[in-house]
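Numbering (the working numbering), first residue to last: 1059 to 1255. Yeah, the Cβ is synthetic: ideal placement off N, Cα and C, and Gly gets one too. Quantities reported herein were computed from a predicted structural model and do not represent experimental measurements. I have placed the structure first, in the form of structure tokens, so that the comments after it can refer back to it.
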């Protein structure tokens, strides 16, 4: 897993995701240079090497993948993969909190800290202490977990108090939820991903 240290170098740790824009630059064969967008399935279409899956990879891993494929066409390709435009790592908190919205993920942030950043739980009806965590596991799929806020607050830094990952979504429901689907279609949560401030 990742260390609990802070994100000293966002770019090195950042993993490419859909809609990220990258520059592929070949030092000695600039005719193959291009700007490309990561598709929803994680693939990028490159003119020299065709489709290559870069979604989910760090920039170093993406460079290695492009270099390996380009080596089949060029003797010793000097290629660089640069992140041109991307979503900074973030998480979303919505539902019964004071300030729902999207927050930058800086360093290690737990679910309890995230809810505090969103102003804490507001309504008496949400005091049932449940929080739904939705974590993206593929381009169109998320995995859901039911967290117990009361337990997490009683034992901060415990295993119960989940460390957030980029793209995580926390929802504080108004009413107690008896059970949730373990896997969900990501698109169903678009309304939560863009909460109205």
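- Nearest to residue 1107 by C-alpha distance, out of 1118, 1181, 1132, is 1132.
- Between residue 1121 and residue 1139 a beta carbon distance of about 5 Å is seen, short of the 8 Å cut, so the two are scored as contacting.
- 1150 is the residue among 1150, 1189, 1194 whose C-alpha sits nearest the C-alpha of residue 1175.
- Taking C-beta atoms under 8 Å as the contact rule, residue 1222 and residue 1172 qualify, at a distance of about 6 Å.
- Looking at 1098, 1074, 1125, the one whose alpha-carbon comes closest to that of residue 1085 is 1125.
- In the DSSP assignment, residue 1125 falls within the alpha helix (DSSP H) that extends over 1117-1128.
- Counting along the chain, the unbroken beta strand (DSSP E) around residue 1111 starts and ends at 1108-1111.
- Cβ contact annotation for residue 1147 (same chain, cutoff 6 Å, sequence separation greater than five): 1163, 1224, in chain order.
- Within its own chain, the residues whose Cβ lies closer than 7 Å to the Cβ of residue 1195, once the five positions on either side in sequence are excluded, are 1201, listed in chain order.
- Sorting 1232, 1092, 1228 by C-alpha distance to the C-alpha of residue 1161 places 1228 at the top.
- The beta carbon of residue 1095 lies closer than 6 Å to those of 1079 in the same chain, with the five residues before and after it left out.
- Assignment of beta-bridge partners to residue 1149 by DSSP yields 1161.
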